[in-house]
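Per this note's numbering, residue -1 is the first one in the sequence shown, and the count goes up by one each step.
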Amino acid sequence: MKTAPAPTAPAAHLERVEQLQARIRGMQATRLDSRAVPTHPALASVLPGGALREGAVVRVEGSASLLMAALAGPSQSGRWVAVAGFPEFGVEAAARFGIDLERLVLVPHPGRQWLSVAAALADVIPVVAVRPAGALAPAEAARFAARLRQRGTLLLVDGPWPGSDARLGLERSDWTGLERGHGHLVEREVVVRVTGRGEVGRGSLRRLRLPARDAQVAVADAVASTGADATGIVHRPDFTARAS
């Protein structure tokens, strides 16, 4: 009696990936059949259509707090999120922003294999944040983008990425709380600029508290000196970046 041959190494690897995909899909709290990704209300107020999108590449540069705010909405909705290449990423701070640590995958040091790591994560995790450890050729970026669209994965990137769909960055950052040289920093008010393709290309600015006094992120109230209207949207795009 002949026995079936043992699966080859590639076949076994594929089987494990499929099992992980099925497990994560089974643990999802919400269906991933919508192009819109649940987005924190403060960030939704500045994004075209009010949401991040599945299959998109969004550059979130220069601010760990802004990245955590971008991850918080999907995480609170029940989606898994992964973070690769951010050794300074703090789980306590992430929890304060509302990221569910039970659905968080961390790869602090992917090294030179960062692109392969990001690709493997994108195959099974619906929201992936990565900090590139090297330059990416446009052809590689295009292939990766096609893979993201096929999987419906949102990629958040801290660094250059050819052909990205949008960019979130800080135009201004001001801390409050210190008085006469003493005290504690209480909250930070920032101006976030969004640029990108199509309607996003014109760019928009919004004032946020990041973090606010309760360690969350919120839309800042209008203040006359900032050039913002009652909605908190900034109309004077002449800020210079001072901190992240």
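No residue lacks a Cβ here, since even glycine has one placed at the ideal position from N, Cα and C.
By DSSP's assignment, L102 forms a beta bridge with V79. A40 and A67 do touch by the CB rule: their CB atoms are close to 7 Å apart, below 8 Å.
By the C-beta density criterion, G194 is buried, having at least 16 other C-beta atoms within 10 angstroms. In the three-state reduction of the DSSP assignment, A127 falls in the strand class.
It is roughly 9 Å from the alpha-carbon of W78 to the alpha-carbon of V126.
Between E100 and V89, the alpha-carbon positions lie close to 11 Å from each other. Counted as a single uninterrupted DSSP element, the beta strand (DSSP E) harbouring L152 occupies residues L152 to V155. In this chain, the alpha helix (DSSP H) harbouring R141 covers P136 to R149. Listed as beta-bridge partners of R205 by DSSP are V189. Assignment of L45 by DSSP, reduced to helix, strand and coil, places it in the coil class. For the 7 Å CB-CB criterion, V56 and V192 do not form a contact.
Cα atoms of P36 and A133: separation of roughly 30 Å, rounded to the nearest angstrom. Counted as a single uninterrupted DSSP element, the alpha helix (DSSP H) harbouring R94 occupies residues V89 to R94. L50 has V35 as its beta-bridge partners, per DSSP. Looking at the DSSP output, V55 bridges to L153.
Here R204 is buried, its C-beta having at least 16 other C-beta atoms within 10 Å.
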